[in-house]
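Q:
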Amino acid sequence: MSKNATLEINGEKYEFPIIEGTEKELAINIKALRTATGGITTLDPGYKNTGSCESAITFLNGEEGILRYRGYSIEELAEKADFLEVAYLLIFGELPTTEELNKFHNDIKDQSHVDEDIKKILDGFPKSAHPMGVISSLTSALIAFNPSSVNVDSPEDMYLAIVRILGKFPVLTAWAYRKRAGLAMDYGDDSLGYVDNFLKMMFKKPSGEYNSNPVIVNALDKLLILHADHEQNCSTSTVRIVGSSHAGLFASLSAGISALWGPLHGGANQAVIEMLEAIKEDGGDTKKYMAKAKDKSDPFRLMGFGHRVYKNFDPRAKIIKVAADEVLNDLGVEDPILDIAKGLEKEALEDPYFVDRKLYPNVDFYSGIIYRAMGIPVEMFTAMFALGRLPGWIAQWREMRLRKEPIGRPRQVYIGENHRPFKDIDFR
Ligand code: ACO
């Protein structure tokens, strides 16, 4: 097979090398396009065909429904590893030894306290503020309290920034929840595991004991693993592009959190539950909503269905569907919206509109149902996604730094006015 791609423009031929990834993916390297052609660029809105980087972190094959972190399948990781091991794997490239994992966890615990003045900033937010906005702001605010985190050329400061944010982010997330719930800000317990400690920070009542529930801890651990990375999605690309200007880790993450907030990305898990609730309130007629989703004159979309990359079952959705059943059974929760979800799923998988467009349930279709069963309010769902995605963002940011990638700066095709003389205000 040719190692070059030939592009012909107005009879002139240009050769571009084809590069091959470790999973045999092919890409035309167009780095030299503009120089070779005298300024011709490409146009690819939404970057559906554009690779922005080479990356050794996550492999996904949307056609076959494959997802692997650093070569390990998501199915095996969700079954055999815990979230912190997966975080280490994503960030540093290999599964940790016991010693490495203990050190990593201890370093995170050492850095998990948050400056008391952060509480004053949190105090300034109204109770009704969406947690994603609060968490994004507080993550950015951390820079002022940890100024060395902007030293992006120092390996020591980079490591410190990584363990700091892994320690402080669960605190900020739990506090964003407690602020809404009117509960005092508190810390957890360093003797607990990372996920268990987070649950304690969230749910410990000021006057009561926190009783850890292994079913909930395991389910959340699994959910966080499933969300931990997903290659160059909207929020991750945001983190990389912000970091490419040599902005620090916390600033890059804060931007990524904002990108995740939108309902077409991380906000979908909240949108799914709101949609299922609305269908329930409206009498549970799934067929009516299927028709709305297919009607091009109706803006309604079936939330939790479809994915930019997966044109097959999202492998994470398969794992979550089983986990949702387990959690609900173990906790003895009967949730009528689970039946609505199952009904919609069945209908969509048999409907030519969804089948032809390869629209399958994505990870968010079921995650909200588990979060609800755990007692996590719907406005916190996207924040839970952010907690899970944190190691992936860190890994991608670190990779971008270590590979010394150039600043991200796409081109455009200008379609505005041609040069025209300035019009005086009286003549406009
Ligand atoms: N309901 C109804 N129709 C849909 C849906 C849906 N959920 N998703 C896509 N379609 C249709 C589109 O209308 C379009 O139809 P057309 O070809 O007749 O015009 C076709 O399927 C292709 O859709 P696009 O929007 O071009 O697909 P794209 O890859 O750009 O979008 C996205 C993917 C944004 C995820 C989309 O499927 C969607 O909006 N889904 C609902 C929101 C959601 O669940 N987001 C979570 C994504 S997963 C995550 O972030 C973790």
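At position 428 of the sequence shown the residue is numbered 1395 (the working numbering), and the sequence of numbers has no breaks. Every residue, glycine too, gets a C-beta built ideally from N, C-alpha and C.
1. How many angstroms separate the CA atom of D1236 from the CA atom of L1187?
2. Does the segment 1094 to 1107 come into contact with the segment 1132 to 1149, if we say contact requires no fewer than three beta-carbon pairs (one atom in each stretch) closer than 8 Å?
3. Give the straight-line distance between the Cα atoms of H1386 and I1007, rounded to the nearest whole angstrom.
4. Distance, Cα to Cα, Y1338 vs A1260?
5. In the DSSP assignment, find the unbroken beta strand (DSSP E) run with N971 in it and report its ends.
6. Compare the Cα-Cα distances from G1029 to each of L1326, E1384, P1388, N996 and report the closest residue.
7. Can you find a heavy atom of ligand 1 that lies under 6 Å from the Cβ of M1270?
8. Closer than 6 Å: is that where the CB of R1397 sits relative to any heavy atom of ligand 1?
9. With distances taken between CB atoms, is the gap from P1358 to A1054 smaller than 7 Å?
10. Bridge partners of L993, per DSSP?
11. Put P1373 into one of helix, strand or coil per three-state DSSP.
12. May I ask you to check if the CB of E1331 is nearer than 6 Å to at least one heavy atom of ligand 1?
13. Do the segment 1343 to 1359 and the segment 1192 to 1200 touch if we need at least three Cβ pairs shorter than 8 Å?
14. Less than 6 Å between the CB of A1235 and some heavy atom of ligand 1, yes or no?
15. Could you round the C-beta distance between T1106 and L1227 to whole angstroms and report it? I think they count as a contact, below 8 Å.
16. If I'm right that L1243 touches I1307 with Cβ under 8 Å, what's the distance once you round it to whole angstroms?
17. Below 6 Å, is the gap between the Cβ of L1051 and the nearest heavy atom of ligand 1?
18. Can you tell me the Cα-Cα spacing of I1033 and E992, whole angstroms?
19. Examine ligand 1 and report whether any of its heavy atoms sits within less than 6 Å of the Cβ of R1356.
20. Quick check on K1094: does DSSP put it in helix, strand or coil?
21. Evaluate the contact criterion for the segment 1145 to 1159 versus the segment 1310 to 1325: three or more CB pairs, one atom per stretch, below 8 Å.
22. With hydrogens ignored, establish whether the beta-carbon of R1283 is closer than 6 Å to any heavy atom of ligand 1.
23. Which residue's Cα is closest to the Cα of V1276: T1205, S1221, N1200?
24. Any heavy atom of ligand 1 closer than 6 Å to the beta-carbon of H1386?
25. Among the residues of its own chain, which have a CB less than 6 Å from the CB of K1278, if the five just before and after it don't count?
26. Are there three or more Cβ pairs, one per stretch, closer than 8 Å when the segment 1214 to 1222 is compared with the segment 1064 to 1079?
27. So, for S1179: in the same chain, excluding its five sequence neighbours on each side, which residues have a beta-carbon less than 6 Å away from its beta-carbon?
28. Give the straight-line distance between the Cα atoms of F1059 and R1131, rounded to the nearest whole angstrom.
29. Which same chain residues end up closer than 7 Å to I1398 when comparing Cβ atoms and leaving out the 5 residues on each side of it in sequence?
30. Who does T1017 pair with in a DSSP beta bridge?
31. Taking just the CA atoms, how far does P1012 sit from I1382?
32. Opposite T1349 in the DSSP bridges: which residues?
33. Between A1260 and ligand 1, is there a pair consisting of the residue's CB and a ligand heavy atom that are separated by less than 6 Å?
34. Which residues bound the alpha helix (DSSP H) around I1240?
35. Mind checking whether K1255 and I1304 have CB atoms under 7 Å apart?
36. I'd like the list of long-range same chain contacts for I1374, defined as Cβ closer than 7 Å, with 5 residues on each side in sequence excluded.
A: On the basis of the data shown:
1. The amino acid at residue 1236 is misidentified as Asp; the sequence shows Asn. When rounded, the distance between both Cα atoms is 15 Å.
2. yes
3. 21 Å
4. 25 Å
5. 971 to 976
6. L1326
7. yes
8. The question about residue 1397 has no answer, for the chain in this structure spans 968 to 1395.
9. yes
10. E987
11. coil
12. The question names Glu, yet the displayed sequence has Asp at residue 1331. Checking every heavy atom of ligand 1 against the Cβ of D1331, one is found closer than 6 Å.
13. yes
14. yes
15. Incorrect: roughly 12 Å between the Cβ atoms, too far for contact.
16. 5 Å
17. no
18. 14 Å
19. no
20. coil
21. no
22. no
23. N1200
24. no
25. G1029, E1030, K1325
26. no
27. D1163
28. 16 Å
29. Because the chain is modelled from 968 through 1395, residue 1398 falls outside the range shown and cannot be assessed.
30. In the DSSP output, where bridge partners are listed per residue, T1017 has none listed.
31. 14 Å
32. DSSP output for T1349 lists no bridge partner at all.
33. yes
34. 1235 to 1248
35. no
36. S1211, S1212
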